[in-house]
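Notes follow the structure.
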Amino acid sequence: MQVETRSGLKVIAIVEALKGFISFAVVLGIYAFPSKDLRQLAELLVQHFHLNPVHPISEMLIDLSRRVPQLNMSLLMMIAVLYTVVRWIEAYGLWNEFRWTEWLALISCAIYIPFEIYAAINHPSKVSITLLIINLGIIAYIARTLYSKPESNFAAQN
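First residue of the sequence shown: 1, per full-length UniProt numbering; consecutive thereafter.
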């Protein structure tokens, strides 16, 4: 169980780090194209990564960028930087098996469940259902990991 727990947490840590890198790429994109509107930025991202513009994820990104009013790019960049830092802290903590980051991961995954259920019911697609299943699996895995560890002093863990 211990080796399985470590490897599972490391996989989740890698995923969280990747989410941080993607968010950081968004920050760089906002910084590199400050005069562009969000729609142009979304279309540039789709084009740069050679994504199919009619693929559901690409369409969702472009559609979302059309619906969002032109925001203060500095605010958007600060939010993306904060998200990046949180993802990297979570990845570091999961990699090193800090119990508090396991709780952070559990809570941060659980926050998305109501939205993913809504999307799976109202806009069912392979992507929405797959994301819901993966997120529920991660929550179950982290919960099992948390509850299988004996309680210990927070300071002694770190």
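For each residue, glycine too, the CB sits at the ideal point set by N, CA and C.
Remember, predicted model here, so these are calculated numbers, not experimental data.
Nearest-angstrom Cα separation, counted from residue j out to residue i
| i | j | result |
| --- | --- | --- |
| Ala110 | Leu64 | 23 Å |
| Asn122 | Leu136 | 18 Å |
| Lys149 | Ser23 | 32 Å |
| Glu16 | Glu97 | 14 Å |
| Leu132 | Gly29 | 28 Å |
| Ala155 | Glu102 | The pLDDT assigned to Ala155 is 44, lower than 50, so where the model puts this residue is not dependable, and the model offers no usable value. |
| Leu18 | Ala91 | 9 Å |
| Ser128 | Ala32 | 31 Å |
| Ile138 | Arg39 | 32 Å |
First and last residue of the uninterrupted alpha helix (DSSP H) at residue i
| i | result |
| --- | --- |
| Ser148 | Lys126 to Ser148 |
| Phe115 | Ile113 to Asn122 |
| Leu51 | Per DSSP, Leu51 belongs to no alpha helix (DSSP H) and is neither H nor E. |
| Glu97 | No alpha helix (DSSP H) holds Glu97; DSSP gives it neither H nor E. |
The ligand PLP heavy atom lying under 7 Å from the CB of residue i
| i | result |
| --- | --- |
| His50 | What this structure holds is no ligand at all, so the ligand PLP is not there to describe. |
Exercise for the section: Counting only runs of 4+ residues fully inside the region 5-31, write out the alpha helix (DSSP H) ranges in chain order. Expected result: none
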